[in-house]
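Student: In full-length UniProt numbering, the protein residues as written are 1 to 758.
Mind looking over this structure? Questions follow.
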């Protein structure tokens with residue numbers, strides 16, 4: 001029960017493997033009853049990027065008849081003509097055992113059901129599109145920070161990328177970049193509700209998409225692919241221009257940009273104008289609306305708080321008690337905006353910088369359903385914003401590999417049903433026999449839209465076991481189960497691709513073969529799936545007690561899979577595959593993910609590895625006595641002659657022990673005879689920079705000393721094994737935490753006592 005999660009996380013290799021699919025259970029019980037007794041849902045965390053399954057290594061092949069049999073539905077499929085030379089000694093890559101994930105570059109439309117893809121040269125890819133929406137209701141200093149970041153961003157964009165600009169304050173200003181002779185702006189009133197049609201009519205784009213409306217010339221051989229269209233209207237040359245054609249114009253506009261003298265936030269109108277423009281000019285083609293917000297909206301249906309300064313911004317308690325007067329109306333507005341953006345295939349990214357709330361709880365639906373990115377910081381001048389904003393446009397190893405316009409389809413064995421998905425996607429309402437009766441998240445479908453995805457995008461798929469009468473009979477039981485994920489998307493380079501991942505796992509009899517279930521348990525994935533699941537339940541169910549639900553689930557799990565003598569807590573033990581799980585749940589109970597929309601959004605979209613760091617931070621010790629090594633996430637790990645590096649995902653903390661801080665303040669690191677001390681001081685900074693460079697959003701770097709004011713960033717994450725009640729037991733140089741929270745040791749004692757009684 002006292003295993004060290006930091007050490008385990010540091011020593012383990014990348015667990016995702018080439019398929020980037022992790023399951024809570026890698027052996028599945030055959031019956032619905034046994035599945036419910038497993039406590040942790042049958043779920044898969046995937047990073048995607050008649051039966052419609054594609055060729056895969058688990059297919060059975062009849063080389064003589066040139067036929068392959070699908071392992072999911074057992075249908076027989078003929079190979080296409082270009083596979084005529086197939087034989088036992090000459091097989092395509094899709095049948096290699098190590099190729100459970102294959103990515104295809106599309107030459108045209110997607111293949112017919114059950115047919116391998118024909119490979120060939122792609123059409124001319126469309127350029128990436130970035131429409132910037134900038135809030136001018138900020139002080140001059142903040143606006144200058146925005147201008148600096150914008151200039152750097154434009155310099156990093158490829159020359160063929162299309163860019164546009166919308167600014168807003170009391171009014172919404174859409175800048176016509178194609179009119180270079182002078183500054184030409186379309187102004188929309190921030191206090192008046194306007195429809196998409198009215199926006200397009202004012203822009204002269206009201207006929208977009210109708211016969212006879214002027215269109216851009218298309219390149220030969222460039223048909224629509226997977227819903228992608230070439231630039232559709234002449235509006236592209238007015239409002240969206242290649243960087244190479246408008247860099248000077250953009251620079252001039254940024255120079256002229258001034259803070260709004262009558263600051264009334266109309267961010268909802270500005271985003272709607274941006275969505276309408278993209279819908280008319282670039283329908284079905286990957287594009288991003290990047291909104292830089294300096295505060296909550298104070299006008300219109302998307303209003304978060306009124307202009308009356310006596311009215312405070314709604315709190316979490318207000319939301320829980322349904323006492324936020326503008327919340328429901330704002331959510332309805334952003335839900336409509338989400339549907340519009342999803343139908344167009346476009347993404348909404350939000351970079352919000354403010355000391356108070358900006359309304360992410362209301363905007364969550366539009367950001368999450370379009371697969372958008374979200375970053376929250378204190379100021380546009382803070383490194384969290386500047387580094388994160390820059391990462392969007394960087395290439396090379398630092399690139400986020402931003403992709404567009406994706407879809408995900410799931411095919412699985414007939415005894416498995418899909419309950420739904422939690423994550424950045426929207427249901428395409430493709431109903432069928434594979435849909436489960438119980439819905440979790442975006443359910444009642446086997447296909448989902450992902451307008452935006454990147455290298456860390458993760459979706460959690462929930463499954464249900466529903467065995468048929470035939471499969472339950474002896475002699476008809478297949479020992480293997482199969483799940484296939486088919487992801488199509490627009491690559492950052494513009495081409496459409498299809499990524500096919502097929503996984504195979506074992507069925508087990510959960511009532512008699514508990515050992516195989518235990519061996520197949522992935523505790524990291526299980527912890528993240530439960531965190532995402534309770535996050536959803538907190539949003540959907542009134543007065544849901546997340547802590548109580550977690551405690552009960554953990555007790556049931558330990559009672560089911562623990563090894564113990566009944567009513568003897570001292571005899572309790574857990575298999576190594578479960579040993580870290582109680583600690584994950586202990587830290588999840590204490591975390592902020594059950595409180596704020598921002599943290600929930602990131603928890604729902606990040607990879608399992610990143611999500612585990614959010615739930616349970618890692619702690620590394622630097623000292624003269626030993627090389628850098630993981631230590632317990634406990635206040636007992638603090639020592640006067642030790643430097644600690646805490647990675648809590650959103651923040652990276654370098655904590656100097658009391659003696660180390662005194663030596664540093666005396667300048668020992670600057671003396672030639674103390675170069676080893678200088679190296680000790682530098683080592684955690686180098687490690688911190690490695691963490692920061694590889695993460696999005698960029699974490700906040702906190703450098704602090706023991707007993708200093710910012711030491712709270714570390715102490716808040718540590719297990720309070722030593723408090724003011726036990727100060728007499730604390731060794732010299734260590735520390736205590738002033739809290740009444742129970743320690744992990746007390747938590748485990750209660751858990752063991754309750755588990756052996758069940």
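Backbone N, C-alpha and C define an ideal beta-carbon position, used for all residues, glycine too.
Remember, predicted model here, so these are calculated numbers, not experimental data.
Mind checking who residue 260 pairs with in its DSSP beta bridge?
Tutor: Within the chain shown, the letter at position 260 stands for residue 260. The partner list for residue 260 (beta bridge, DSSP) is empty, contrary to what the question assumes.
Student: Under 8 Å: do the region 285–304 and the region 329–337 share three or more Cβ pairs, one atom per stretch?
Tutor: Yes: the two stretches touch, three or more of their Cβ pairs being nearer than 8 Å.
Student: Please give me, in chain order, every unbroken run of the beta strand (DSSP E) with length at least 3 that falls completely inside the region 696–738.
Tutor: DSSP runs (the beta strand (DSSP E)) wholly in the region 696–738: 700–705.
Student: Buried or exposed: where does residue 182 fall if 16 or more other Cβ atoms within 10 Å of its Cβ makes it buried?
Tutor: For the purposes of this step, residue 182 is taken as residue 182 along the chain shown, with counting starting at 1. Counting Cβ neighbours within 10 Å, residue 182 comes out exposed, since fewer than 16 surround it.
Student: So for residue 397, helix, strand or coil by DSSP?
Tutor: Working through the chain shown from its first residue, we reach residue 397 at position 397. Of the three classes helix, strand and coil, the one that applies to residue 397 here is helix, per DSSP.
Student: Beta-carbon within less than 8 Å of residue 407's beta-carbon, same chain only, minus the 5 sequence neighbours each way: which residues are those?
Tutor: What you label residue 407 is simply residue 407 of the chain shown in a count that begins at 1. Closer than 8 Å at Cβ, skipping near neighbours: 226, 428, 447, 448, 449, 450, 487, 488 and 489.
Student: Do residue 747 and residue 578 count as a contact pair if the criterion is CB distance below 7 Å?
Tutor: One-based indexing of the chain shown puts residue 578 at position 578. One-based indexing of the chain shown puts residue 747 at position 747. Cβ distance not < 7 Å, so residue 578 and residue 747 don't count as in contact.
Student: Quick one, are the C-beta atoms of residue 438 and residue 45 less than 7 Å apart?
Tutor: Looking up residue 438 in the chain shown gives position 438. Looking up residue 45 in the chain shown gives position 45. No, the pair does not count as a contact, with Cβ atoms beyond the cut-off.
Student: State the Cα-Cα distance for the pair residue 463 and residue 382, rounded to the nearest angstrom.
Tutor: Here residue 463 is taken as the residue at index 463 of the chain shown, counted from 1. Here residue 382 is taken as the residue at index 382 of the chain shown, counted from 1. Using only the alpha carbons, I get a separation of about 42 Å.
Student: Establish whether the CB of residue 525 and some CB of chain C are separated by less than 7 Å.
Tutor: Chain labels in this structure do not include chain C; a single protein chain is all it has.
Student: Three-state secondary structure (DSSP) at residue 135?
Tutor: Taking the chain shown and counting its residues from 1, the one referred to as residue 135 is at position 135. Three-state result, residue 135: strand.
Student: Consult DSSP for residue 464 and reduce its assignment to one of helix, strand or coil.
Tutor: As a first step, residue 464 must be located in the chain shown, where it is residue number 464. In this structure, residue 464 counts as strand in the three-state DSSP scheme.
Student: Counting Cβ pairs closer than 8 Å, one from the region 614–629 and one from the region 558–577, do we hit at least three?
Tutor: Counting Cβ pairs under 8 Å, fewer than three are found: no touch.
Student: Have a look at the DSSP bridge pairing and note the partners of residue 103.
Tutor: Here residue 103 corresponds to residue number 103 of the chain shown, with the count starting at 1. Beta-bridge pairing links residue 103 to 499.
Student: Contact defined as beta carbons within less than 8 Å: I believe residue 432 pairs with residue 126. What is the distance between those atoms, to the nearest angstrom?
Tutor: Sequence index remark: in the chain shown, residue 432 carries index 432 (1-based). Sequence index remark: in the chain shown, residue 126 carries index 126 (1-based). Rounded, the Cβ-Cβ distance is 32 Å, inconsistent with contact.
Student: Let me confirm a value: residue 342 is counted as buried when at least 16 other C-beta atoms fall within 10 Å, else exposed. Which label applies?
Tutor: Residue 342 sits at position 342 when you count from the first residue of the chain shown. With 16 or more Cβ atoms within 10 Å of its Cβ, residue 342 is classed as buried.
Student: Hey, which unbroken runs of the alpha helix (DSSP H) at 4 residues or more fall wholly within the UniProt domain "Sec23/Sec24 helical" (522–611)?
Tutor: Qualifying alpha helix (DSSP H) stretches, in chain order: 523–540, 546–561, 581–589 and 597–605.
Student: With DSSP collapsed to three states, give me the class of residue 22.
Tutor: Working through the chain shown from its first residue, we reach residue 22 at position 22. It is a strand residue.
Student: Would residue 376 pass as a contact of residue 598 if the rule is Cβ separation under 7 Å?
Tutor: Translated into the one-based positions of the chain shown, residue 376 becomes position 376. Translated into the one-based positions of the chain shown, residue 598 becomes position 598. The answer is yes: Cβ separation under 7 Å.
Student: Could you have a look at residue 304 and say whether DSSP puts it in helix, strand or coil?
Tutor: Here residue 304 is taken as the residue at index 304 of the chain shown, counted from 1. Looking at residue 304 - three-state DSSP - the assignment turns out to be coil, as it is neither helix nor strand.
Student: Going by the CB atoms, is the gap between residue 273 and residue 174 shorter than 7 Å?
Tutor: As a working mapping, residue 174 is identified with position 174 in the chain shown. As a working mapping, residue 273 is identified with position 273 in the chain shown. Taking 7 Å as the Cβ cut-off, residue 174 and residue 273 qualify as a contacting pair.
Student: Can you tell me whether residue 451 is helix, strand or coil according to DSSP?
Tutor: Taking the first residue of the chain shown as position 1, residue 451 is located at position 451. Three-state DSSP puts residue 451 in a strand.
Student: State the Cα-Cα distance for the pair residue 703 and residue 36, rounded to the nearest angstrom.
Tutor: Your numbering for residue 703 matches position 703 in the chain shown. Your numbering for residue 36 matches position 36 in the chain shown. Distance between the alpha carbons of residue 703 and residue 36 is about 46 Å.
Student: Count the other CB atoms within 10 Å of the CB of residue 68; is the residue buried (16 or more) or exposed (fewer)?
Tutor: Taking the chain shown and counting its residues from 1, the one referred to as residue 68 is at position 68. Label assigned to residue 68: buried.
Student: Got a sec, what are the start and stop residues for the alpha helix (DSSP H) residue 517 sits in?
Tutor: For this step, residue 517 is matched to residue 517 along the chain shown. Segment 514–519, the alpha helix (DSSP H) holding residue 517.
Student: Quick one, which of 655, 734, 708 and 693 has its alpha-carbon nearest residue 720's?
Tutor: As a working note, residue 720 is residue 720 in the chain shown. Nearest of 655, 734, 708 and 693 to residue 720, Cα basis: 734.
Student: Once you ignore the five residues that flank residue 217 on each side, which residues in its own chain have a CB closer than 7 Å to its CB?
Tutor: The residue labelled residue 217 in the question sits at position 217 within the chain shown. For residue 217, the predicted structure reports a pLDDT of 37, less than 50, and the residue's modelled location is therefore unreliable. The matter cannot be settled from this model.
Student: When burial is assigned at 16 or more other CB atoms within 10 Å of the CB, is residue 248 buried or exposed?
Tutor: As a working mapping, residue 248 is identified with position 248 in the chain shown. Per the 10 Å Cβ criterion, exposed.
Student: Would you tell me roughly how many angstroms separate the C-alpha atoms of residue 364 and residue 536, rounded to the nearest one?
Tutor: Against the chain shown, residue 364 aligns to sequence position 364. Against the chain shown, residue 536 aligns to sequence position 536. Taking the straight line from one Cα to the other gives about 13 Å.
Student: Count the CB pairs spanning the region 683–698 and the region 709–720 that are closer than 8 Å, and state whether there are at least three.
Tutor: Flag = no, the region 683–698 and the region 709–720 do not touch.
Student: Could you tell me the alpha carbon to alpha carbon distance between residue 600 and residue 368, rounded to whole angstroms?
Tutor: As a working note, residue 600 is residue 600 in the chain shown. As a working note, residue 368 is residue 368 in the chain shown. Near 10 Å, if we compare the C-alpha coordinates of residue 368 and residue 600.
Student: Could you give the residue range of the alpha helix (DSSP H) that holds residue 35?
Tutor: One-based indexing of the chain shown puts residue 35 at position 35. Counting along the chain, the alpha helix (DSSP H) containing residue 35 begins and ends at 32–37.
Student: What are the start and end residues of the beta strand (DSSP E) that includes residue 167?
Tutor: Here residue 167 refers to the residue found at position 167 when the chain shown is read from its first residue. Counting along the chain, the beta strand (DSSP E) containing residue 167 begins and ends at 162–168.
Student: Which of the three DSSP states is assigned to residue 27 in this structure?
Tutor: Position 27 of the chain shown, counting from 1, holds the residue named residue 27. Residue 27: strand per DSSP, three-state reduction.
Student: Taking just the CA atoms, how far does residue 200 sit from residue 280?
Tutor: On the chain shown, position 280 is the one that residue 280 refers to. On the chain shown, position 200 is the one that residue 200 refers to. If I take the Cα positions, the gap works out to 7 Å.
Student: Within the same chain, show all residues whose beta-carbon is closer than 7 Å to that of residue 769, passing over the 5 residues directly before and after it, in chain order.
Tutor: The requested residue 769 is not part of the displayed model; the chain covers only 1 to 758.
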